[in-house]
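Data block below; observations after.
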Amino acid sequence: MACSFKHYGVLSFDKALRHVVFDKEHVVFEAVQCRHCEEPICVAVCPTEAIRKDEETGWVLINPMRCIGCRSCVLACPVGVPWFDEERKVAVKCDFCDGDPLCAKFCSPQAIRVLPREEALELMKEVYGVGA
Numbered sequence: 001m002a003c004s005f006k007h008y009g010v011l012s013f014d015k016a017l018r019h020v021v022f023d024k025e026h027v028v029f030e031a032v033q034c035r036h037c038e039e040p041i042c043v044a045v046c047p048t049e050a051i052r053k054d055e056e057t058g059w060v061l062i063n064p065m066r067c068i069g070c071r072s073c074v075l076a077c078p079v080g081v082p083w084f085d086e087e088r089k090v091a092v093k094c095d096f097c098d099g100d101p102l103c104a105k106f107c108s109p110q111a112i113r114v115l116p117r118e119e120a121l122e123l124m125k126e127v128y129g130v131g132a
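Letter 131 of the sequence shown, counting from 1, is numbered 131 in the numbering used here, and no numbers are missing.
Have a look at this one:
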């Protein structure tokens with residue numbers, strides 16, 4: 001909700017750049033988030049280089065000013081992360097709020113956190129027995 005408010009000025013799950021998919025039949029939800037692939041196919045298929053992988057952070061980011069709305073990235077992403085914003089006519093995805101993600105800042109149970117890669121892998125190993 002903080003995300004939709006920052007980017008669109010409204011509180012809306014539909015406008016959040018991080019999507020949660022709800023399965024009401026099984027009472028399951030899944031956060032759909034970018035995997036920041038080593039070699040992102042979405043970057044490779046973008047005809048205007050609107051999507052790039054930041055060399056410093058490793059984040060895959062979309063520059064809406066360069067996006068022509070062709071939806072190639074939306075179709076190419078194996079995880080289904082980028083989505084097409086019908087109002088703005090561009091592909092969108094989480095942009096980490098320019099390094100200060102509001103979703104993490106306002107998530108009171110701290111279920112959403114932005115951690116350095118090594119720390120995140122250690123936490124995954126500790127909690128789920130996977131990673132590092």
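We treat Cβ as the ideally placed atom computed from N, Cα and C, and that holds for glycine. A quick note: this is a predicted structure, and the numbers were derived from the prediction, not measured.
Proximity below 9 Å, CB of residue i to CB of residue j
i	j	result
residue 81	residue 117	no
residue 15	residue 97	no
Sheet register partners of residue i (DSSP bridge)
i	result
residue 60	53
Supposed close pair residue i, residue j - CB separation, criterion 8 Å
i	j	result
residue 168	residue 86	What is shown of the chain runs 1 to 132, which leaves residue 168 out entirely.
Item to check | At least three beta-carbon pairs within less than 8 Å, the stretch 46 to 65 to the stretch 81 to 95 | outcome: Pairwise C-beta distances place the stretch 46 to 65 in contact with the stretch 81 to 95, as three or more of them are shorter than 8 Å.
Item to check | 3-residue-minimum beta strand (DSSP E) runs that sit fully inside the stretch 83 to 110, ordered along the chain | outcome: As far as the stretch 83 to 110 is concerned, its whole beta strand (DSSP E) runs of at least 3 residues are 83 to 85 and 90 to 92.
Next on the checklist: Counting beta carbon pairs with one atom in the stretch 73 to 83 and one in the stretch 39 to 53, are three or more of them shorter than 8 Å?
Outcome noted: As far as the Cβ criterion goes, the stretch 39 to 53 touches the stretch 73 to 83, which means the pair count is three or higher.
Next on the checklist: Assess contact between the stretch 101 to 112 and the stretch 2 to 10, defined as three or more Cβ pairs (one per stretch) separated by less than 8 Å. Is contact present?
Outcome noted: The stretch 101 to 112 is in contact with the stretch 2 to 10.
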